[in-house]
Structure formats: structure tokens, C-alpha cells
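Chemist:
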Amino acid sequence: MSVSYTAVGWNRAKKAYDATIASGLVVYVALFCGVGFAAHPNATIETLLIRALATASFLMLHVILSIGPLCRLSPRFLPLLYNRRHLGVTLFLVALAHAVFAIVQFHALGNVNPLVSLLTSGTGFQTFGAAALCILFFMAATSHDFWLATLSPRAWKTLHMGVYFAYALIVLHVALGALHAESYPVLGIATGAGMASLLTLHVFAAFHERAGDRDAARLNDGWIDAGPVSDIQDGRARVVCAEERIAVFRYEGKISAVSDVCRHQNGPLGEGRVIDGCITCPWHGYQYLPGNGRSPAPFTEKVPTFDVRVVDGRVYVNPEAHEPGTPVQPAHV
Amino acid sequence: MTPDVVHGALFALATYLVIGSVVAVPFVIFDIGRIDPAAKAAPWTFRALVLPGVVAMWPLLVRRLTQSRKAR
């Protein structure tokens, strides 16, 4: 959250994250080229670099696509999620470097415009690669919070879900390109294993999340029983579901309920805590006042709020949401 | 795709990006704060960072700017 935008909100964790990415890349490319030269002494440095950058970006994409489902399965992976956009921007830059090297190596210095040559020659695998690179560009170019606000969170998220389409295009790029020319099965097996692992992770995460999306039973008046007050830790929430997830927070001897979905990037507010009187999203620290679902001034984000009551030590929630930012009287414990 | 089709598509893309570049530079310097108040006092590093996206999506931002001017 920031009153005035900065380019990057640097902190120690971000610096460590980026240093890890950068050093990992350097080591990977150096190792790839070293092993490549050892195995193929006649290979040129350009060819090895093209392949090193290609495999590095493909590996990075697998890591990026794994982070989401891994975080759903275990909160210990959350530190990988916090600065995932840095990984995404780096992925685009590495893929761009691969593309530039490949265009210069295979399509430049001829009679035909290099881009025309790229898009009209071979099996067409370059076209799939170019399309994937465009998607990655749009994602990298809109990774700043300015775009989240300008495009709206829904449009921004839709655009960034394009990463799955980019992944499919890259698989086609690899299948019709490198795999087509490759005589050893290693790359094919690795690509298949990558796809299988991503699919498995996503399926496991989906089943895990499904458990939390089962609608709670409704009473005769339509309210939901959110369970005993004693089950909710002070400063934490219990999440119930009624067509959408509702986070029921206990704090300062009171109970309030807000939408479980953070306005920033749809983080799970119910997994956060109440800090300094504010519900704090565990993903990026966005905050909301529990009594009205509004971010404290001067911030302007709002989430829907819900009526609550406490009867005989049990919490009940009215699943009909109020407009975001509507004040609701908390129930007293 | 035939070379002529690719030539045409690349020409259209280049035209779009040139217009985008001409629009984007004054936009990030003078007008970005009109559509997002948090960008008004933002440093040049932020403006440079969003520039590629502005070049790519200049029609959307021109529309937003026009709407914000009409609203005043």
C-alpha cells in the first residue's frame, strides 16, 4: 500500500529475492554453457547461450506456475508468492534475450527482414514463441500496482491469467522446434514431466481449496452458523462459505465479518491477522478496518461487509453482503 | 503466413507503436497523475517503469484521460 507510487518498494526481503534470482540465473547459464562445451566442443557460444536462455526461461515459468498451487497447499511457500512479479518480469527479460539472440543468429544478415523471416520460415514454431513473448511482455509491462488500479483488479487478473496461455504456446514452440530437431529424448521427457508436475499440483490444490468452498448450512432465517466464538483465535479469523468466502474476525472482544477476498490481488484476508486494529492481508499487507471494510485513510480500498451476531457463544453471519465499505455494528463476545 | 501478410502486420504494429511512443512520453511526464492521483508525485523511475505499458496500451489511457477531462 502506498500513498504515492514508487518504481519498486524495496525492502530486505525483495533484495534477497532478486539477488537469489539473479545469482541463480548466472550460475545456471554458466553451468549450461560449461557442460555444453564439454559435451559438444564444436558448439558455438551463441548456440549455447540461446539454448541456456531458452531452458532457463522455461524452467522459470514452471517455478512461477507452481507457486500459486504450492501456496494453497502449504503456507510455508508464501515467501515465494510475495515477490512473484519480480520473477515474472525476469522471465520476460530472459525470454526476450533468448529471442533476440535467436533472431540475430538465424534470421539476420540476410535479404529478408529478420522479423518476416522469423514468422514465415520453418515449422512455424517461432510464431508460437513470438506470441508467447507478447503475452509475457504485457504481463511484465503491467506488473506495477499502477496498472492494477488503472485496469481494475478483475481486468488485471484476467490479463495475468494469460500466463497459462503463454505456457501452452511455449510448449508448442518447444514441441515443434527443439523437440522436432532433437535426437535424444531428454528434452521431451523433461517437457512432459514439467507439464505433468504442473497439472498434478493444480489438481491437488483445487481439491484442497474445494474443501473450503463448501457452503455452510443455513438456518431458517438464512443466516449461517460460523461455529463457537471459542474456535476463533483472538486477532484471527474463521472462514465460512456461502457462495463466496466470508472471513469472520475476532478482535478486542468483538466479532466482525468481511469478504475473504483482498481488493489488491484477491489474497485470502481470512488467513491474515488483525494488526493495530486492522485486518491485514497475509500476501502484501493491505489493511481494512473490521467495522466497515475500509482501508484506513488515506487509502481507499474497500471490501464488502456482513452482519454478525453472537448468541449463546456461537457466531452467526448473514451471507447477504453489504456494499464495500458499509459500516456494520460488530457483535460483542 | 505469407510474407506480404507479415509485412502488413508488422507495418501496422510499427505504426501503432510509433503513435504510442509519441503519446506515452508526454503522458507519463504530465498527465499520468490525472488518471491516478497516486502517480502525481511519483519519481521518474516509476514513470520510466510504466512507459512500456503506456506505449502498448495508449488508446486505453487516452480514453481515460479524455473521460477525466470531461468529468472536471
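If you read the sequences in order, they're chains A and B. To get my numbering, take the position in the first sequence, counting from 1, and add 18. To get my numbering, take the position in the second sequence, counting from 1, and add 829. Note that beta-carbon positions come from the ideal geometry of N, C-alpha and C, so glycine has one too. Predicted model, so just to flag it, every value in this text is computed and none were measured.
1) Between the C-alpha atoms of tyrosine 269 of chain A and leucine 307 of chain A, what's the straight-line distance to the nearest angstrom?
2) Could you tell me the boundaries of the alpha helix (DSSP H) in which valine 112 of chain A lies?
3) Listed in chain order, which residues of the stretch 170 to 201 of chain A have Cβ atoms closer than 9 Å to some Cβ of chain B?
4) I'd like to know whether the C-beta of leucine 839 of chain B is nearer than 8 Å to at least one C-beta of chain A.
5) Could you spell out where the beta strand (DSSP E) holding arginine 291 of chain A opens and where it closes?
6) Determine the closest residue to arginine 893 of chain B out of B/Asp865, B/Lys869, B/Val879, B/Thr874, with distance taken between C-alpha atoms.
7) Look up arginine 69 of chain A in the DSSP assignment and say whether it is helix, strand or coil.
8) I need the straight-line Cα distance from arginine 332 of chain A to alanine 315 of chain A, nearest angstrom please.
9) Which residues in the same chain as threonine 46 of chain A place their Cβ atom closer than 6 Å to its Cβ, once the five residues preceding and following it in sequence are excluded?
10) Just verifying my parser: in three-state terms, what is the DSSP assignment at threonine 323 of chain A?
11) Taking only beta carbons into account, state which residues of the stretch 141 to 174 of chain A come closer than 7 Å to chain B, listed in chain order.
12) I need the straight-line Cα distance from histidine 350 of chain A to tryptophan 873 of chain B, nearest angstrom please.
13) So is tyrosine 304 of chain A in contact with chain B if we call contact Cβ pairs under 8 Å?
14) At least one CB of chain A closer than 8 Å to the CB of phenylalanine 875 of chain B: is that the case?
15) What does alanine 885 of chain B reach in chain A if we use C-beta pairs closer than 8 Å?
16) Use the C-beta contact count for alanine 43 of chain A: other C-beta atoms within 10 angstroms, 16 or more gives buried, fewer gives exposed.
17) Contact between the stretch 86 to 95 of chain A and the stretch 44 to 64 of chain A is defined here as three or more beta-carbon pairs at a separation below 8 Å; is this criterion met?
18) If you check the beta carbons only, do threonine 141 of chain A and isoleucine 39 of chain A fall under 8 Å apart?
19) Is the CB of isoleucine 864 of chain B under 8 Å away from at least one CB in chain A?
20) Please report the residue range of the alpha helix (DSSP H) in which tyrosine 35 of chain A lies.
21) I'd like the ranges of any beta strand (DSSP E) spanning at least 3 consecutive residues and lying wholly in the stretch 833 to 865 of chain B.
22) Out of A/Ala159, A/Phe124, A/Ile297, state which residue places its alpha-carbon closest to the alpha-carbon of aspartate 252 of chain A.
23) In the DSSP assignment, find the unbroken beta strand (DSSP E) run with aspartate 243 of chain A in it and report its ends.
24) If the criterion is Cβ atoms closer than 8 Å, does the pair leucine 105 of chain A and tyrosine 185 of chain A meet it?
25) Give the straight-line distance between the Cα atoms of leucine 890 of chain B and alanine 853 of chain B, rounded to the nearest whole angstrom.
26) Report yes if the C-beta distance between tyrosine 304 of chain A and histidine 282 of chain A is below 8 Å; otherwise report no.
27) What is the DSSP secondary structure of glutamine 896 of chain B, reduced to helix, strand or coil?
28) Given a limit of 7 Å on CB to CB distance, which residues of the stretch 121 to 137 of chain A reach chain B?
29) Note the first and the last residue of the continuous beta strand (DSSP E) segment covering lysine 869 of chain B.
30) Measure the beta-carbon distance from valine 258 of chain A to isoleucine 242 of chain A and round it to whole angstroms, keeping in mind my assumption that it falls under 8 Å.
31) Runs of 3 residues minimum, wholly inside the stretch 257 to 309 of chain A: which ones carry the beta strand (DSSP E) assignment?
32) To the nearest angstrom, how far is it from the Cα of threonine 4 of chain A to the Cα of alanine 877 of chain B?
Modeler: Walking through what the data contain:
1) Residue 269 of chain A sits at position 251 when you count from the first residue of the first sequence. Residue 307 of chain A sits at position 289 when you count from the first residue of the first sequence. One C-alpha to the other measures close to 11 Å.
2) In the first sequence, counting from the first residue as 1, residue 112 of chain A sits at position 94. Residues 102 to 125.
3) none
4) Here residue 839 of chain B refers to the residue found at position 10 of the second sequence. True, the Cβ-Cβ gap to chain A drops below 8 Å.
5) Counted from its first residue, the first sequence places residue 291 of chain A at position 273. Its beta strand (DSSP E) spans residues 291 to 293.
6) The residue you call residue 893 of chain B lines up with position 64 of the second sequence. The option with the nearest alpha carbon to arginine 893 of chain B is B/Asp865.
7) Looking up residue 69 of chain A in the first sequence gives position 51. DSSP places arginine 69 of chain A in helix when its eight states are reduced to three.
8) Translated into positions along the first sequence, residue 332 of chain A becomes position 314. Translated into positions along the first sequence, residue 315 of chain A becomes position 297. For arginine 332 of chain A and alanine 315 of chain A, the distance between alpha carbons rounds to 33 Å.
9) For this step, residue 46 of chain A is matched to residue 28 along the first sequence. The sequence shown places tyrosine at residue 46 of chain A, not threonine. Same-chain partners within the cutoff: Ala74.
10) As a first step, residue 323 of chain A must be located in the first sequence, where it is residue number 305. Strand at threonine 323 of chain A.
11) Phe156, Ala159, Thr160, His162, Phe164, Trp165, Ala167, Thr168
12) Counting from one through the first sequence, the residue named residue 350 of chain A turns up at place 332. Counting from one through the second sequence, the residue named residue 873 of chain B turns up at place 44. Looking at the two C-alpha atoms, the distance is approximately 49 Å.
13) What you label residue 304 of chain A is simply residue 286 of the first sequence in a count that begins at 1. So no, tyrosine 304 of chain A is outside the interface.
14) If you number the second sequence from 1, residue 875 of chain B lands on position 46. Judged by the 8 Å Cβ criterion, phenylalanine 875 of chain B is in contact with chain A.
15) Reading the second sequence from its first residue, position 56 is the one you call residue 885 of chain B. Within chain A, the residues near alanine 885 of chain B are Phe155, Phe156, Ala159.
16) Stepping through the first sequence from its first residue, residue 43 of chain A is reached at position 25. What sits at residue 43 of chain A in the sequence shown is leucine, not alanine. Buried.
17) no
18) On the first sequence, position 123 is the one that residue 141 of chain A refers to. On the first sequence, position 21 is the one that residue 39 of chain A refers to. Their beta carbons are not under 8 Å apart, which means threonine 141 of chain A does not touch isoleucine 39 of chain A by this criterion.
19) The residue you call residue 864 of chain B lines up with position 35 of the second sequence. The beta carbon of isoleucine 864 of chain B sits closer than 8 Å to some beta carbon of chain A.
20) Walking along the first sequence from the start, residue 35 of chain A turns up at place 17. Element bounds for tyrosine 35 of chain A: 30 to 57.
21) none
22) In the first sequence, residue 252 of chain A corresponds to position 234, counting from 1. Answer by Cα proximity: A/Ile297.
23) Within the first sequence, the letter at position 225 stands for residue 243 of chain A. For aspartate 243 of chain A, the uninterrupted beta strand (DSSP E) run begins and ends at 242 to 246, by DSSP.
24) As a working mapping, residue 105 of chain A is identified with position 87 in the first sequence. As a working mapping, residue 185 of chain A is identified with position 167 in the first sequence. No. Outside cutoff.
25) Taking the second sequence and counting its residues from 1, the one referred to as residue 890 of chain B is at position 61. Taking the second sequence and counting its residues from 1, the one referred to as residue 853 of chain B is at position 24. Using only the alpha carbons, I get a separation of about 9 Å.
26) Mapped onto the first sequence, residue 304 of chain A falls at position 286. Mapped onto the first sequence, residue 282 of chain A falls at position 264. Result yes, Cβ atoms of tyrosine 304 of chain A and histidine 282 of chain A sit closer than 8 Å.
27) Indexing the second sequence from 1 puts residue 896 of chain B at position 67. Helix at glutamine 896 of chain B.
28) Flagged, chain order: Leu133, Val134, Leu137.
29) Counting from one through the second sequence, the residue named residue 869 of chain B turns up at place 40. Here lysine 869 of chain B belongs to no beta strand (DSSP E), and DSSP marks it neither H nor E.
30) By one-based count along the first sequence, residue 258 of chain A stands at place 240. By one-based count along the first sequence, residue 242 of chain A stands at place 224. That belief holds up - the Cβ atoms of valine 258 of chain A and isoleucine 242 of chain A are roughly 6 Å apart, short of 8 Å.
31) 263 to 269, 272 to 277, 291 to 293, 296 to 298
32) The requested residue 4 of chain A does not occur in the structure, where chain A is confined to residues 19 to 351.
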